[in-house]
Amino acid sequence: MPTATDPDISALLDRLRTGDRRALARAITLVESSKLDDVARAHQLLDAVLPLTGRARRIGISGPPGAGKSTFIEALGLHVTGLGLSLAVLAIDPSSTRSGGSILGDKTRMADLAQAPAAYIRPSPSRGALGGVAERTREAMLVCEAAGFDVVFVETVGVGQSETALAAMVDLFTLILSPGGGDELQGIKRGIVELAELVIVNKADGDLLGPAQHLAAEYMSALSLLRPLSPAWRAEVALCSALRREGIPEAWAIMERHRAALAATGELERRRRAQSKGWLWRQVTEAVQAAIQTDDATQALAASLEREVEAGTLSTAAAAHRLIEAFRAGSSRARA
Ligand SMILES: Nc1nc2c(ncn2[C@@H]2O[C@H](COP(=O)(O)OP(=O)(O)OP(=O)(O)O)[C@@H](O)[C@H]2O)c(=O)[nH]1
Ligand SMILES: [Mg+2]
Numbered sequence: 024m025p026t027a028t029d030p031d032i033s034a035l036l037d038r039l040r041t042g043d044r045r046a047l048a049r050a051i052t053l054v055e056s057s058k059l060d061d062v063a064r065a066h067q068l069l070d071a072v073l074p075l076t077g078r079a080r081r082i083g084i085s086g087p088p089g090a091g092k093s094t095f096i097e098a099l100g101l102h103v104t105g106l107g108l109s110l111a112v113l114a115i116d117p118s119s120t121r122s123g124g125s126i127l128g129d130k131t132r133m134a135d136l137a138q139a140p141a142a143y144i145r146p147s148p149s150r151g152a153l154g155g156v157a158e159r160t161r162e163a164m165l166v167c168e169a170a171g172f173d174v175v176f177v178e179t180v181g182v183g184q185s186e187t188a189l190a191a192m193v194d195l196f197t198l199i200l201s202p203g204g205g206d207e208l209q210g211i212k213r214g215i216v217e218l219a220e221l222v223i224v225n226k227a228d229g230d231l232l233g234p235a236q237h238l239a240a241e242y243m244s245a246l247s248l249l250r251p252l253s254p255a256w257r258a259e260v261a262l263c264s265a266l267r268r269e270g271i272p273e274a275w276a277i278m279e280r281h282r283a284a285l286a287a288t289g290e291l292e293r294r295r296r297a298q299s300k301g302w303l304w305r306q307v308t309e310a311v312q313a314a315i316q317t318d319d320a321t322q323a324l325a326a327s328l329e330r331e332v333e334a335g336t337l338s339t340a341a342a343a344h345r346l347i348e349a350f351r352a353g354s355s356r357a358r359a
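So the sequence shown is numbered by the numbering used here: it starts at 24 and just counts up by one.
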């Protein structure tokens with residue numbers, strides 16, 4: 024039985040486990056907080072939450088702006104809750120400037136899903152630092168699992184490196200595309216396509232049906248050339264119309280088949296373990312970088328090294344080495 028020493032956290036955890044929505048919202052706010060007072064409490068909560076996680080299906084949904092991610096999530100979400108499963112929807116939102124794309128805006132747009140009692144849609148934080156946001160989203164996902172959700176969808180808009188962070192936290196990375204995005208194999212970097220174990224070509228309706236079929240065929244042949252991420256699963260391509268809610272049960276069936284295939288071979292467990300290890304080092308890297316960047320003693324040196332590197336008078340390797348050495352010397356002086 025998980026415990027926390029802070030009585031507030033322990034009470035919060037008890038309420039969270041019963042599925043109390045207000046406790047869930049509070050718990051997520053706590054893990055998203057960067058206030059110094061909250062961080063230690065958030066860590067206590069996360070430690071206590073950890074043994075309660077692992078049961079949910081973790082599904083990532085990414086794709087270029089306007090591909091229909093939100094419409095798809097609403098349609099799939101209604102299907103999933105209709106099957107009697109509970110669903111949490113979270114988003115990695117790397118850009119606070121992006122208009123109209125945030126889940127906060129979506130909450131009003133996913134009107135039907137927002138009404139479903141078994142669905143929980145969490146407005147995403149709009150912070151600057153990409154890594155920080157993704158880190159918080161992963162922790163929010165774990166909190167949702169502890170609250171008993173059967174399925175968690177994590178969405179990100181496919182414009183930057185947030186897809187890599189998304190793929191590193193989910194069991195299945197799904198890419199949503201739509202026809203008419205200009206040249207096909209559209210602006211999606213190869214590295215991102217390589218992460219996808221399911222490609223959904225949306226908007227397969229009306230005049231777009233033909234182009235959608237064409238795009239799907241192109242992706243099928245492109246994906247057949249890539250080495251699968253796991254021997255347990257070859258990437259699949261499916262068509263749907265999120266708007267007409269067609270092809271949605273079929274998409275869900277593929278997701279369930281994917282889960283079964285990964286679970287049967289032990290790949291699911293292996294993947295999650297490797298992801299946890301990856302996040303450990305990701306968080307260490309970020310914390311060390313933040314410590315160096317905010318250290319008074321090294322700030323002046325950092326600024327001058329940055330200038331030299333910019334000017335091309337010093338290699339980045341030498342500059343990084345000098346900065347780390349100066350930081351280490353400073354912290355060992357502080358310990359003495
Ligand atoms: N024809 C057609 N249009 C669709 C379909 N799904 C979504 N759309 C439309 O495409 C537009 C974008 O849909 P969204 O669901 O907001 O797309 P998104 O990928 O979430 O967009 P961002 O969050 O801004 O990146 C809207 O005008 C939708 O009505 C579909 O299946 N068929
Ligand atoms: Mg959207």
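For glycine and all other residues, C-beta sits at the position ideal for the given N, C-alpha and C.
- With the rule of 3 Cβ pairs closer than 8 Å, the segment 312 to 319 counts as touching the segment 341 to 356.
- Close CB contacts of residue 113 within its chain, under the 8 Å cut and outside five residues either way in sequence, are with 126, 145, 147, 160, 163, 164, 167, 175, 176, 177, 178 (chain order).
- Sequence-distant Cβ neighbours of residue 288 in its own chain, meaning closer than 7 Å and more than five residues away, are 255.
- If you check the C-beta of residue 231 against ligand 1, you find a heavy atom less than 7 Å away.
- The beta carbon of residue 231 sits closer than 6 Å to the beta carbons of 202 from its chain, once the five residues preceding and following it are set aside; these are given in chain order.
- DSSP places residue 268 outside both helix and strand once states are collapsed to three, so it counts as coil.
- Inclusion of residue 251 and residue 102 in the CB contact set at 8 Å is not warranted, their separation being larger than that value.
- Looking only at 115, 267, 284, the smallest Cα-Cα distance to residue 192 is reached by 115.
- The C-beta distance from residue 36 to residue 143 rounds to 17 Å, too long to fall under 8 Å, and the pair is not in contact.
- Taking residue 31 as reference, the option from 349, 79, 65, 93 with the minimal CA-CA separation is 65.
- Residue 345 sits away from residue 194, with the two beta carbons spaced by 8 Å or more.
- Exclusion of the five residues before and after residue 77 leaves 168, 295 as the residues of its chain whose Cβ lies within less than 8 Å of its Cβ.
- With contacts defined by Cβ atoms closer than 8 Å, residue 258 and residue 200 do not form a contacting pair.
- Assigned with DSSP and collapsed to three states, residue 261 falls in strand.
- Sequence-distant partners of residue 350 (beyond 5 residues in either direction) whose C-beta falls short of 8 Å from its own C-beta, in its chain, are 314, 315, 318, 320, 321.
- The beta carbon of residue 135 is closer than 7 Å to those of 97, 101 in its chain, skipping five residues each way along the sequence.
- When secondary structure is reduced to three states using DSSP, residue 75 falls in the helix class.
- Linking residue 137 to residue 88 through their CA atoms gives a straight-line distance of about 21 Å.
- Beta-carbon to beta-carbon, residue 68 and residue 53 are separated by about 6 Å, close enough to satisfy the 8 Å threshold.
- In this structure, the alpha-carbon of residue 239 lies about 6 Å from that of residue 224.
- If you draw a 10 Å sphere on the C-beta of residue 28, you find fewer than 16 other C-beta atoms in it, and that means exposed.
- Judged by the Cβ position, residue 93 qualifies as a neighbour of ligand 2 at the 7 Å threshold, a heavy atom of the ligand being closer than this.
- Annotated three-state conformation of residue 217 is coil, per DSSP.
- Distance from the CA atom of residue 94 to the CA atom of residue 300, rounded to whole angstroms, is 34 Å.
- Under DSSP, residue 177 takes part in a beta bridge, and its partners are 83, 113.
- Between ligand 1 and residue 31, a heavy atom-to-CB distance of less than 7 Å is absent.
- Taking a contact as a CB-CB distance under 8 Å, the pair residue 260 and residue 246 counts as one, their CB atoms being some 7 Å apart.
- For residue 88, the shortest separation between its Cβ and any heavy atom of ligand 1 lies below 7 Å.
- The DSSP-derived three-state label of residue 68 is helix.
- Of the candidates 308, 285, 109, 334, the residue whose Cα lies closest to the Cα of residue 347 is 308.
- With contacts defined as CB atoms closer than 8 Å, residue 43 and residue 109 fail to qualify as a contacting pair.
- Annotated three-state conformation of residue 156 is helix, per DSSP.
- Burial is judged here by how many other beta carbons sit within 10 angstroms of a residue's own beta carbon; residue 180 has at least 16 and is buried.
- Spatial neighbours of residue 104 in its own chain (CB-CB distance under 6 Å, excluding positions within 5 residues in sequence) are listed in chain order as 110, 139, 141, 142.
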